[in-house]
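Residue numbers (this note's numbering): 1 to 109.
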């Protein structure tokens, strides 16, 4: 499914107010407007979730056919934020993360 390329400047929270952080697995090699593009290999963690069973990570579900170092690029389907992110917060019952802001200039398929 086509979508906007997710990069390190994207701002996301869990539905309970926890902060989502992107953790690249290696040095960045592809940039979108100066920020590293994210891939299926990168980790997405959650800190500060106040739920009884707190969210601890996000499992992303939307990836493109374009590869970065052999790994699919992470995409967010339109419309642009704010709105639900293309994955699920894990730790408690799976719920979509809240995508607050992201770049909307570069689209992948």
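Every residue, glycine too, gets a C-beta built ideally from N, C-alpha and C.
Just so it is clear, the structure is predicted and the values come from calculations on it, not from any experiment.
{"Query": "Beta carbon of residue 104: closer than 7 Å to some heavy atom of the ligand ZN?", "Result": "This structure does not include the ligand ZN; it has no bound ligands of any sort."}
{"Query": "When we look at the beta-carbon of residue 25 and count the other beta-carbons within 10 Å, is it buried (16 or more) or exposed?", "Result": "exposed"}
{"Query": "Is the region 100-108 in contact with the region 76-88, if contact means three or more CB pairs nearer than 8 Å?", "Result": "yes"}
{"Query": "With a threshold of 8 Å, are at least 3 pairs of Cβ atoms found where one atom belongs to the region 27-38 and the other to the region 85-93?", "Result": "no"}
{"Query": "For residue 21 versus residue 100, is the C-beta spacing smaller than 8 Å?", "Result": "no"}
{"Query": "Have a look at 109, 54, 98 and flag the residue whose alpha-carbon is nearest the alpha-carbon of residue 11.", "Result": "98"}
{"Query": "If you draw a straight line from the C-alpha of residue 9 to the C-alpha of residue 37, how long is it?", "Result": "9 Å"}
{"Query": "Going by beta carbon distance, what residues of the same chain come within less than 7 Å of residue 6, once the five residues before and after it are set aside?", "Result": "38, 74, 75, 76, 102"}
{"Query": "At the level of alpha carbons, what is the spacing between residue 72 and residue 61?", "Result": "11 Å"}
{"Query": "Using the Cα positions of residue 87 and residue 59, report the straight-line distance between them to the nearest angstrom.", "Result": "5 Å"}
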